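Mapped onto UniProt numbering, the consecutive letters of the sequence shown carry residue numbers 1 to 177.
C-beta atoms are modelled at their ideal positions from N, C-alpha and C, and glycine is treated no differently.
Here the structure is a predicted model, which is why all the values come from computation and not from measurement.
One structure below.
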Amino acid sequence: MVEALERRRAQFFAEQETRWSSRKSRDTGGRFKVVQCGRPSATNGVGIIVSERFRDSIVSVERFNDRLMKIVVAAKERLYHISLRMLRRLGTSGKGEFWSRLDEETAEAPTKDVVIVAGDLNGHVGAMKDGHSCHGGFEYGSRNAYGERILEYAESHNLTAVNTGFPKTRLPPHFIQ
Numbered sequence: 001m002v003e004a005l006e007r008r009r010a011q012f013f014a015e016q017e018t019r020w021s022s023r024k025s026r027d028t029g030g031r032f033k034v035v036q037c038g039r040p041s042a043t044n045g046v047g048i049i050v051s052e053r054f055r056d057s058i059v060s061v062e063r064f065n066d067r068l069m070k071i072v073v074a075a076k077e078r079l080y081h082i083s084l085r086m087l088r089r090l091g092t093s094g095k096g097e098f099w100s101r102l103d104e105e106t107a108e109a110p111t112k113d114v115v116i117v118a119g120d121l122n123g124h125v126g127a128m129k130d131g132h133s134c135h136g137g138f139e140y141g142s143r144n145a146y147g148e149r150i151l152e153y154a155e156s157h158n159l160t161a162v163n164t165g166f167p168k169t170r171l172p173p174h175f176i177q
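Set out below in structure tokens:
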């Protein structure tokens, strides 16, 4: 994986459904630092991989549980709040808590800071913008209820669903026409 990150010149990479069983940071042996969050005998761990360019710029790390974590990185006179979330296979009550916590954390970030939310939010935002300014108009399929929730969250915090901002060159392998 390190070779692929180097080839793509990645600065940050969100990793989910890992088998990491600890809550620590470690070097990859290459040019990256892994900030991980997991628990013993679980496959829901998450982690953020940070390039050597930003590895010493990490201001804070918050590990909430094996599905939620956040790092804050100082760069170019502003702070970048990078959150990693994994909503998949979470019960209905857990999903409400998930969105409440995400809303609170995003609202707490000063407006001059940059907020990046990565991970599996378990929704499909669909191909149509339907009046959502946070949707770039390039996506596949139909929107579901969770996709609508993602767009509502993004709009309420003046964020953009980045993956909808550019055309895709091919359909994803799981997409059926």
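Unbroken alpha helix (DSSP H) run spanning residue i, endpoints
{"i": "G147", "result": "A145 to S156"}
Range of the contiguous beta strand (DSSP E) that encloses residue i
{"i": "V2", "result": "Segment V2 to R7 is the alpha helix (DSSP H) holding V2; no beta strand (DSSP E) there."}
{"i": "D56", "result": "First-last for D56: undefined, no H or E at that position."}
{"i": "T28", "result": "Taken as a continuous stretch (DSSP letters only), T28 belongs to no beta strand (DSSP E), as it is neither H nor E."}
{"i": "E15", "result": "F12 to T18"}
{"i": "G119", "result": "V114 to D120"}
{"i": "F138", "result": "Note, F138: premise wrong, no beta strand (DSSP E); not H, not E."}
{"i": "C37", "result": "F32 to C37"}
{"i": "residue 180", "result": "The first residue shown for the chain is 1 and the last is 177, placing residue 180 beyond what the model contains."}
CB contact flag (residue i, residue j, <8 angstroms)
{"i": "M69", "j": "E17", "result": "no"}
{"i": "A14", "j": "L84", "result": "yes"}
{"i": "R63", "j": "R26", "result": "no"}
{"i": "W99", "j": "R149", "result": "yes"}
{"i": "R143", "j": "K112", "result": "no"}
- Query: Should the segment 125 to 137 be called in touch with the segment 152 to 165, which here means at least 3 C-beta pairs below 8 angstroms?
  - Reply: A contact exists between the segment 125 to 137 and the segment 152 to 165.
- Message: Would the segment 50 to 65 count as touching the segment 120 to 128 if we require 3 or more Cβ pairs under 8 angstroms?
- Response: With a cut-off of 8 angstroms, the segment 120 to 128 and the segment 50 to 65 do not count as touching, because too few Cβ pairs lie within range.
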